[in-house]
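Quick notes on the structure that follows.
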Amino acid sequence: MKASPPEQKELLRLQALDIRLQQVEHQAKALPQHAELASLARTLDASKTVLTGRTGEVEDARIELRRIESDVEVVEKRIARDTDRAQHTSSIKDVQALETELAALTGRLSALEEIELAVMERLEEKEAAVAETEAERAAVATRVAEIEADRDVLLVDLNRQLGELARDREAIVSAIGADLAALYEKRRVAGRGNAASLLRARTCSGCTMTLTGNDLEDVRAAPADDIVFCPDCGAILVRTEESGI
């Protein structure tokens, strides 16, 4: 295949653009914000599990408190009823029975109130734990928003660079023609990104191997518009005044 020396030199520009494109794409994927956001996401997931557990404990304590409050209400009503009956009966036997029952009810009420107080204290502790977890999650969410904002600013610039590089690349591909562009792409795939290399001082800039013997003579003998390849890495060798041949 043939291509004019200026067209071949354009392959070096194309190669440089492709290298820069890879670098910028890597920068976009490797932004430190990505790792930090992933870490914070794991933190939020873990805290969500904690919050769910603590919220459940709060609800359990509330249910227990409502049950105890209901028991207290029943005992208080029973005490009020028995007190009223004792005040309105003339039977000494009934009064004695009511007083015995009232003593038992008062003891029961005292015990329930102690339990109620303990449950209320436990409920306050559980609610405080929930509030603490929610505050921690809110702080993490704020940090996430800040990091996302920083990341987005960087991505805007990197995407701008990618857009400019892509436009420059398209212009070069259009200028060198479909056949040469196709050959370049083929060599880029085969060479894992190394498609065109400058031959400088008889050395391929792609693999840094120096041409000697028959390989060097073949390149020297090739017309300027011939496409020649590095015998070691297979890249298109672009010859210039720096080639030393």
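Heads up: the sequence shown begins at 1 in full-length UniProt numbering, then just goes up one per residue.
Just so it is clear, CB atoms sit at the ideal spot from N, CA and C, and this is done for glycine as well.
Being a predicted model, the structure only gives us computed values, none of them experimental.
Check                                                                                             : Outcome
Helix, strand or coil at residue 225 according to DSSP, with G and I counted as helix             : coil
Buried or exposed (CB count within 10 angstroms, at least 16 for buried), residue 242             : exposed
Where residue 203 falls: helix, strand or coil (DSSP)                                             : strand
Contact check, residue 248 vs residue 21, beta carbons under 9 Å                                  : There is no way to answer for residue 248, as the model of the chain reaches only from 1 to 245.
Sufficient close CB pairs (3 or more, under 8 Å) joining the stretch 38-56 to the stretch 165-182 : no
Short Cβ contact (9 Å threshold) for residue 202 with residue 244                                 : yes
Span separating the alpha-carbon of residue 231 from that of residue 189                          : 17 Å
Boundaries of the beta strand (DSSP E) in which residue 264 is found, first to last residue       : Past the edges of the chain, shown from 1 to 245, lies residue 264, and the structure says nothing about it.
Contact belief for residue 65 with residue 119 at Cβ below 8 Å, rounded distance in angstroms     : 5 Å
Sub-9 Å separation of residue 213 and residue 7 beta-carbons                                      : no
Rounded Cβ spacing between residue 116 and residue 68 (contact assumed at less than 8 Å)          : 5 Å
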